Each structure stands twice: as structure tokens, then as C-alpha cells.
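Going down the list, the protein sequences come from chains A and B. Numbered according to the working numbering, the first sequence terminates at residue 862, and the numbering increases by one at each position without gaps. Numbered according to the working numbering, the second sequence terminates at residue 91, and the numbering increases by one at each position without gaps. Yeah, the Cβ is synthetic: ideal placement off N, Cα and C, and Gly gets one too. All values reported here derive from a predicted model rather than from experimental measurement. Encoded as C-alpha cells, the structure appears first; notes follow it.
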Amino acid sequence: MTDIPVASTGEAAREETLQIAPNPPRRALSLHRELHSVWSNDPGWRGQITAVNHTTLGLRFMCTALFFFAVGGILSMLIRAQLATPEGAFLDTELYNQIFTMHGSIMMFLFAIPMLEGLAIYMLPKLLGTRDMAFPRLTALGYWCYLFGGLILLFALLGGVAPRDGWFMYTPLSGATYSPGINADVWLLGVTFVEISALAAAVEITVTILRQRAPGMKLTEMPLFAWYILGTSAMMLVGFPPLILGSVLLEIERAFDWPFFDVARGGDPLLWQHLFWLFGHPEVYIIFLPAAGAISTIIPVMCRTTILGYGAIVAAVVALVFLSFGLWVHHMFTVGIPHMALAFFSAASVLVAVPTAVQVFAWIGTMWKGRPEMHLPMLHIMGFFLTFVMGGLTGVMLAIVPFNWQAHDTAFVTAHLHYVLIGGFVFPMMAAAAYWMPQITGRARISGLGEAAFWTILIGFHGTFFLMHLTGLMGMPRRIDVYPDNPEWIWLNLTSSVFGFVMTIGFALFALDLFLQARLGPKTERNPWRAPGLDWAMPLPAPSYNFASLPGPRQLAGGAAAMLSMARGEGLLPGASRGRRELLVTETGSARPEHVAILPGNSDLPLRLSASIGLFVLLMLAGLYWLTLPALALVAVLIWRWGRGMAWGADQPAVQVAPGLTLPTQVHRRDTLGRTGVICLLVANGTLFASLLFGVGFLSVVAPGWPAPAPTGPEGLGAGLIAGAVAGLIGGSIAVRLAERRQVNGQDVAGPVWKGLIGNGAALLCLAALALLVLDDPTRHARDALRGVMAGYVGLHALIVTVMTAFALDQNRRAEITAHRAGSLPAWRLWQDFSVVIALILGAVAIMQGAGG
Amino acid sequence: MRVLALTLAGPTIWAAIFSAVYALHGVGCAMGWTEIDLVIGSLHRMAMASAWLVGILASVALLVHLPSGPALPHWLPRAGAWVGIGATLFTLFPILVTSSCGS
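Structure representation (C-alpha cells):
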């Protein structure tokens, strides 16, 4: 690697600027043809299933999310039609329950989250100055999992077997006793399937922001949108695992009668509420932050100025990311929690308004110092201010315990959450659509229709939901389908319903506006908003590769005006002369270029892998549990093939990215994007593990029906098997270190890898023996069920590291691990060490519980 | 990366102390620590207050050790530390003023 000169520009601030010479200019058209042949999707129908490009998939995410938004919207109209009169006969109770459950579930899981994922996937590489996301196949896998999971939920609705227990699926209502049939299973399995998509997006978004910013774009100088999305992805990594754990536990309880939530056998329904809201409240901020990122991007452009208080906004984002995880109990204020705990969470719920207000004041200040131009995006932002601030204020009201007790589970809460979600997400997303549609389509919009849509939505929304505050304060509960004894609610409900239809007409106009712009709009000028960001420094609509040459410090200084320089190849890594997809990987903080990553091309493997996961989900839904094992084996085979696609059989020469700057490819680096991705995944896994420990602690300490019956397994054998499993995994951990040492020295790694395989295999055998010989019937008591889950969790990790060891052996056999190529060893080491830690902790917990018999 | 780690340090201290105090609250209520008197308060309240104090001291120590200056790489970690201190003080002050296990 060539050293990059650094120029000091001020000792006090210790600013450093990279000095990278420009590449010689080339013909833009030949560069375009060269790049397009490498980065474009396959032609014809095959391109529809093999595309991995972020532009294509980002758009697909957003279009699919809009489709589900339309479905959720239609369901909301059915709800409003039912509630327009006190004894509506439009829907029966069963169907009404399914519809309101699906409305909430679709809007949360199939519209809001995928929409923000799509926006991030589409915009981030363009804003950061790179050509794609870190893991293009993972992007595609996420999309297919989202689509298939969504279709499972949608077909369940059409088949009359949709979930009907509310979008939060409270136990015991969602348990097997009160929800027989597959309705609740559809939710648990379908939503978890969709969450694979969310986790995949979170991993690659985090890695892309941390490692793929344009050289010279320091962390403290990157666009605010990237800060917001980084906060969002970090929250998704930590926020989704509790829900995944809760869903897995509830599905196990429903399918196999393990009593995690059954009070009679040591379980507790409140465990579900804790796990759900540990996800559910951060979820609100997961949805809000990307929207706020769009607002922070659009307001300065619309006001012809720069953002006020960049640092304060970043600090506010950090504060929101953390504080939002300390509020979840405010959804549970009425379940009988002690006063002091209520006060902790009430205080945190009030406090979170402060960083939110910091942002609102920064945006107002930005408008104040600039010259606001009331284009359509700005109209939607005004709608956001009006609506979101009102929703925030009712949120502070609900954070106060005595008020919460009065308003809990009434239409007031429904009004509040719609003010926050439509105000804090839908209006900003409409602003983002109006702002970026020229970038996406290359067309200008047809004047007038968007404004009509905005006013119709604004009037319809407030007419619907402002009144709902009053309905709630008059005592109307949520989720009821008739109210024959409460004539005082009639006119409010009828008016809400009328305005609800007005709002729907507005959204239909909005959709029509988008469609007409995409199909019939006149060709837009190159940078219609005169925005400074890199997202406008490219031809419109954006080409598959984004930038003909990647922006360096010179281009960053020029912003959107640097487009011609990049199109002529004067930036870094111009063209695609090696016939493969390449981009630059930079250091996390300073954004110094580190190496060149070679990305995979078009592939149908993501589709096949998601289809095999879908097969597993469908077999679970059908109750064919034994047949899920071959489906899981198919998943494992495809993951193996996925890994094979990342292997390199030969050394790769270093790549010249600019005159005097030659960088190695990732094949010869240990700190690859893949390794950072594994770390992100393990952060999510660690959160799931922490949630499991929380569950063990919660049930052990709080749940009724404890202490559990005494273990009946052979005395001493359990402790011995646990010690054996831990020792085997530690052996694997030592083996991978020895293998790495031999690899660096250019020696054959087969010996230590074989020892690792034996160690991990022994751990698996010990855990299997523990389950068969020692652990009690998991249906007997929640403690026994928890032990089963703990053993299964460690066993799953032992299996994963065993497979990784076998993969390393295979790589070694193929001569893919050499002195200059570590292959899969770094990833194996991370997983192995994680497995040791969880085995040690869970082993200690089990022994303390008396698993030794 | 160092700037990011330092910025997250303050809120991380809050998250750790908030979790620890909530856990101590649950365990103390379940194990009857409110009945064990330690002269200036019950074992339950003293345990939580001690954890709270540790959190405050750790946050202040972090702030003291962070370099100061107007540049964002210096300003952000200090802002993060202030977020941690403010959140630790405000969200856990109920330790001093409310009944611990009554509902």
C-alpha cells in the first residue's frame, strides 16, 4: 500500500487533509459504457431475480412498501367505516379484529421499516460517494425475505386466518389457549421472517457508513442524513433482537407447550410485554430518525443556507438512540409496576423530549437564518412540524403516570401514535419523495397535483385524529367494533370517519402525482434544487454505478459541482477496466483509503436462500415440524455456497486508485467489510443473548409459581456435561488462534483446524447428552423451558462454529488459506469467541439453577 | 472511530447504570431488601443509591478526562458525556423520593 500524504491545516483543530493526485481525464462516455457493462442488472426477466444493485433494490423496497401502505390504508378505511356508526354491521368482530391487527402490523413491519430501509439503501451510497452497499447479496436477501414474509401475512388475511390479537400480540390472548389456529403463528413467523430483512439492512447500513465513506469524508463531517441512518441502524441491531427472542419463545410455547408465559407453570405474560416493548418503543425512533435525516437534508436546501447546529444535532441523535431504550415501560404503566420503577421510566420518557426539541429548534433556526422557498417538499415539512410537535406534546402527557392511567388503552393513545407516526414519518417521507423524485426518475413533477394532495392529506389527517383525542378523553377504548351504549361518541366517530376518507383521497392524489411524474413528467434539469450533496453529482436518473470515478478530497470540496470531474474519471478508482465491481474501503474515523473491495455480481442465490427460509416458515405454519429439518439443511447448504462465493482461490494484485496511490484488495486484508459485518451481527446476537438473560432473571425473580420443582436429572452429570461443552468451545477458540498464527507464518493450518473441529464437535455432543440425559421435561415449568432454550442457544452456536471449522478445512484443502490470505479464519474466530462467552455465562446460570441435578 | 467511541461513552455509562438500578430494584423488591434497615435507609435504597452514585462519578470522571476545545471531534464527546450525566441524574432521582416497592 502506498502512503498517502497528509497536509496539516491548523494545529489547534488538528485538521488533516488527504492529498491525493487526480487521475487523468478520460472520455465520459467510454467510462460510462465500461462501468455500465459491469454494474448493470442482467437483461430481461432474469435481471428481476438476480439484481443485487442498491439502486434497483432500494427502489424495490420503497415501491413494495408503498404497496403495503396502500393495503394498510384500505384496512384503515374498513375500520373507519365500521366505527362510523355505533352498531356498524359492516364487519363482524372476528374480521374486525383481524383487520385492525393487520393494519398496525402492516404499517409498522411492512411499510415504515422497509420504506426507511429502501430510502437508506437507495440514498446512502450516493450521499457517501460510493458505488454500492457493503453486501449487495445481503441487500437482495433482505428484499426477498421482506417480500415473502409480507406475502405470507397478506395471503393469511385473504384466507381469513390473519392474526387478530393486536399488533403487539399480548399474551395470554395470543397463546394457544385463547388463540387456537394459525392466526397468531402467521404473525410470529411472518414478522420474524420480515425481521431478517431489517437485521440484514441494519448490518450493511452500519458497515457502509463506517467503512465506505468517500476518502476524506470524516465521520464528523459526513452528511447529517448519514448520522441519522447510522443511529437508526444501530438501534435496529439492538432493538429487533428482543422481539425476535419474544417471537421465538411464544412460537415455541404455542407449538411445543413450553410455558414461558403461562402463570400456572412459572411463566409470566409480562415477559412478553417487556420483550415486545424493548423493541416497540425504540421502534418509534427507528422510524423517526431517518425521517429527521431527510428533514435535516431538505430544510437547508429549501432555505438556501446551511444547517444550524450540526454538532448539536449529532449529539441529539446520540441521546435519542440511547434514551429511547429507557422508555419501554411507559407502555406498561397500568400493569402494576412499583412506583419507583414507574418514576424511572416516566422521567426517561419526559427527558427524551429534550433531544427531540433540540432538533426541532435547530431546524427552525435554519429556516430563520435562511430564505425559505415554499416548494412542495417544504410544504410537507410544514405539515411535519405542525403534526409532529402536537404528537410530541401528547407524548409528554402520556409519559406522566397519573394521566397515562386515565388515558391508557383509549382512542387518545391511538390519536397520539398517529400524530407521531404520520407526523414524524409520513409527512417527512412525502417531503423526501417530492425532493428526490427528480433524482430517482430524472423527471420533473407536474405542477399543482402534489400541493392538492398535501392539503387534502393535512386536512383529512387532522380531521380524523384530532377528534380522536376527544373521543379518547371521553372514554372510548381502542380496538372495539361497536359502542351501542355510548351515543356521546357517535358524532366524533362519524366525523373522524368522514375525514379519514378525505385523507385517503389525499394519499391517492399523492400516489397519482408520483406515477405521473415517473411516467409523464418533463425531463428535469441536472440539479433542480441546487443542492450541495453528492447525491446530485451524477447523471439523472442515477446510473447503476453512481460515480464514474469516486469522489476524493478534491471532489468533496466541490460538492455537486464536482460532477463533471468525476464523470471524466478524475476522481478515484475510475471505470471498471478489470471487469469487476470495485469500491473503496476507508478507515472508520478519518476516512483514509485502506483497500479496494471487490463486490459480487448479479446472483439468484439470495432469492433461493430466502425461498428456502420461506419453506421453513411455511412448514412451521403447517405444523410439519420434522420436515423443517430438511428445510434447515437446505438453508445451511445455501449459506455454505454463499460463503464459497466469497472465497478467493488466487492472490489478487494491488489496484491503482490514483496516481501514486495503490491499494491492496480485500483478499489480502483481515479488516474487511465482511469482518465488520460479522461484528455488527454479533452485536445484534449479543443483544438477543442479553434479552434471554433478562428473561431468565425476570421469570426467576418476578414471576409467580417459583421456586421451580427440583431437577430430576442424574446428580453431577449435568455440571460435567456443561463443563465439557465449555471446554470443547474453549479448545476451538485456542485452535483458531493457532491456525491464525500458522497462517501468518505461511504454514499449513490443517492441524489446528482439525483440533478445532474436534473441540466444537465434542461441545455439540456434550450439549446433546445434556438435553437427552439431564434436562427435565421443558413443558413442566418455565425454569425447565428456559434451560431448554439456553441449551439450544449454546447448541446452535456450537453447530455454527462447527460448520465454520469445516468450512475453514475446506478452504485450506482448496489452498484458499495462505500466508497472504486469511480466508474465513477471522470470522470463525469472532464467532468462536462469542460462543465461548455465552457458553460460560449460560453454563454458570444453569449450574446455579441446579442443572447439575 | 475514537471520536465515536468517546461520544458514546457517556450515554453508555447511563445505560449501564440505568439497567443496573432497575435490576437492583426488581431483585431488592423480590428479596425483601426494603425490610433491612442500614441506619440511613433500607438496604434496597442504599444499594440503588450506591449504583447511582457510581454512575454519576463515572460520568463526571469521563467528562473531566475528555479534551476540551471548539472542534467537533472534541466537542462531541463532551456533549455525549453531558448527555450521560444529565440522563443519569434525571432518570434515577426517583431513588431518593419515591417509595421503592409499593404499587
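According to DSSP, residue pairing for T(-5) of chain B in a beta bridge does not occur.
Residue-level contact check: G335 of chain A touches chain B, since one or more beta carbons of chain B fall below 8 Å from its beta carbon.
It is roughly 28 Å from the alpha-carbon of A273 of chain A to the alpha-carbon of T110 of chain A. Between the C-alpha atoms of P299 of chain A and N754 of chain A there is a straight-line separation of about 46 Å. According to the DSSP assignment, H32 of chain B belongs to the alpha helix (DSSP H) that extends over L31 to H53.
For K532 of chain A, the beta-bridge partners assigned by DSSP are A:R452.
At a beta-carbon threshold of 7 Å, the residues of chain A lying near M(-11) of chain B are T597 and G598, ordered along the chain. The segment 252 to 272 of chain A and the segment 301 to 309 of chain A do not touch, with fewer than three beta-carbon pairs separated by less than 8 Å. Contact annotation: G797 of chain A and T513 of chain A have beta-carbon atoms that are not nearer than 8 Å. For T671 of chain A, the uninterrupted beta strand (DSSP E) segment begins and ends at L670 to L672. Under the Cβ criterion of 8 Å, M245 of chain A is not counted among the residues facing chain B. A18 of chain B reaches chain A at V710 and V711, counting residues in chain order whose Cβ is nearer than 8 Å.
With a beta-carbon spacing of about 16 Å, G67 of chain A and F556 of chain A fall beyond the 8 Å limit used to define contacts.
Per the coordinates, the alpha-carbon of L239 of chain A lies some 23 Å from the alpha-carbon of F285 of chain A.
Under the Cβ criterion of 8 Å, L(-4) of chain B is counted among the residues facing chain A. Any Cβ of chain B closer than 8 Å to the Cβ of L851 of chain A would place that residue at the interface, and such an atom is absent.
Any Cβ of chain B closer than 8 Å to the Cβ of L795 of chain A would place that residue at the interface, and such an atom is absent.
Here DSSP, grouped into helix, strand and coil, assigns E382 of chain A to coil.
Residues of the segment 1 to 16 of chain B that bring their beta carbon within less than 8 Å of a beta carbon in chain A comprise W2, A3, F6, V9, Y10, A11, H13, G14 and V15, in sequence order. Interface with chain A (8 Å Cβ-Cβ cutoff): G43 of chain B is excluded.
Selection A:M245, A:T217 and A:F843 evaluated against T681 of chain A yields A:T217 as nearest (Cα-Cα). For E292 of chain A, the enclosing alpha helix (DSSP H) starts and ends at P278 to M311.
Nearest to F297 of chain A by alpha-carbon distance, out of A:V429, A:A571 and A:L40, is A:V429.
By the beta-carbon neighbour count (other beta carbons within 10 angstroms, threshold 16), V646 of chain A is exposed.
Going by C-alpha positions, V15 of chain B is about 29 Å away from V405 of chain A. Approximately 11 Å separates the beta-carbon atoms of F120 of chain A and F70 of chain A; this is outside 8 Å, ruling out the contact.
By the CB criterion at 8 Å, W2 of chain B and G72 of chain B fall inside the cutoff. Scanning A:T403, A:P723, A:A640 and A:F707 for the CA closest to the CA of P716 of chain A turns up A:F707. Judged by DSSP secondary structure, H806 of chain A falls outside any beta strand (DSSP E) and instead within the alpha helix (DSSP H) spanning A791 to R822. R42 of chain A sits in a helix when the DSSP states are folded into three classes. Taking the C-beta atoms as reference points, F436 of chain A is found no nearer than 8 Å to H471 of chain A. In the three-state reduction of the DSSP assignment, E724 of chain A falls in the coil class. Taken through DSSP and simplified to helix, strand or coil, L26 of chain B comes out as coil. Identification of chain A residues near A75 of chain B by a Cβ-Cβ cut-off of 7 Å yields L332 and L360, ordered along the chain. Each residue's CA atom was taken as its position, placing G248 of chain A and V803 of chain A some 22 Å apart.
Non-local C-beta neighbours of M116 of chain A in its own chain, meaning closer than 6 Å and more than five positions away in sequence, comprise G81, ordered along the chain.
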